[in-house]
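Mapping of the sequence shown onto the numbering used here: position 72 corresponds to residue 72, and the numbering continues sequentially without gaps. Since the structure comes first, as structure tokens, the remarks are kept for the end.
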Amino acid sequence: MKSPLRRRTGLLLAAAFGALSLVAAPVLAQSNPKVRLNTSMGDIVLELYPDKAPKTVENFLQYVRDKHYDGTVFHRVIGNFMIQGGGFDAKFQEKPTRAPVPHEGQAAIQKGGPRNTVGTLAMARTNDPQSATAQFFINVKDNAFLDPTPIPPGDPVPRFEYGGQVYENVPRARLLGAGQLFGYTVFGKVITGMDVVNKIKEVPTGPGGPFPTDVPKNTVTILKATLEK
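Pasting the structure below:
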């Protein structure tokens, strides 16, 4: 017959080892998704931030899954500003898109997300802040004027700064409807291939297709966009 003491000791050891095993196997944080753009000038790897702009990231990833970006070109290149692509094929035919993604720029900034600095990835859009679909751009310099401006709490907002000026007791609805405050949603950054981005930004440009300027004279194509394993 086993001694009660030995049996109890065995239970204690089993409990202790069970606790150790729990400590030894922590839950690993999920890594950010990464997308590889295989371009005609080399590969660019992008890291995306779903914790800062979840709808924007999922929108971009769905276009990647749908192979929307395969065969599209960088149709707008401004060497001291940004490179833009993801919307047109080599014949300047605009590819069909899904409905626009809700603008998340201000919310992303409030969550500590990145701004429009060198190497960051942002959504392109028209003058309507809610118009972004598939086109994106990569900043090749710090473009603070593209940054969203978060709106402080309160109604009216007691104090608000914009463009170097201070405004007091501004009705909240007025600020919520101010298009210039939305900026452009940054949702990722280049983690590999910034040398490729820098090569693209230096290509000679001119008119092309429906665009009067800024189109690379030698086409720069996204051959394939894939989700990194």
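Idealized CB from N, CA, C, for every residue including glycine. Fair warning: this is a prediction, and the values are worked out from it, not measured in the lab.
Between the Cα of Q84 and those of F74, F92, Q93, K91, spot the shortest distance and give me the residue it belongs to.
F74
Distance check for L146 and P204, CA to CA, integer angstroms please.
25 Å
Could you tell me if R76 is buried or exposed, where buried requires 16 or more neighbouring beta carbons within 10 angstroms of its beta carbon?
buried
Decide if T213 is buried, meaning its Cβ has at least 16 other Cβ atoms within 10 Å, or exposed.
exposed
Count the other CB atoms, across all protein chains shown, that sit within 10 Å of the CB of I191; report buried if there are 16 or more and exposed otherwise.
exposed
Quick one: complete beta strand (DSSP E) runs, 3+ long, within the segment 155-222?
157-162, 165-170, 186-192, 205-208, 211-216
E104, buried or exposed, once every other Cβ within 10 Å from all chains shown has been counted against 16:
buried
Is T185 near A132, with beta carbons less than 9 Å apart?
yes
Local Cβ density within 10 Å of V166, reported as buried at 16 or more and exposed below that
exposed
State yes or no: is the C-beta of Q106 within less than 9 Å of the C-beta of P152?
no
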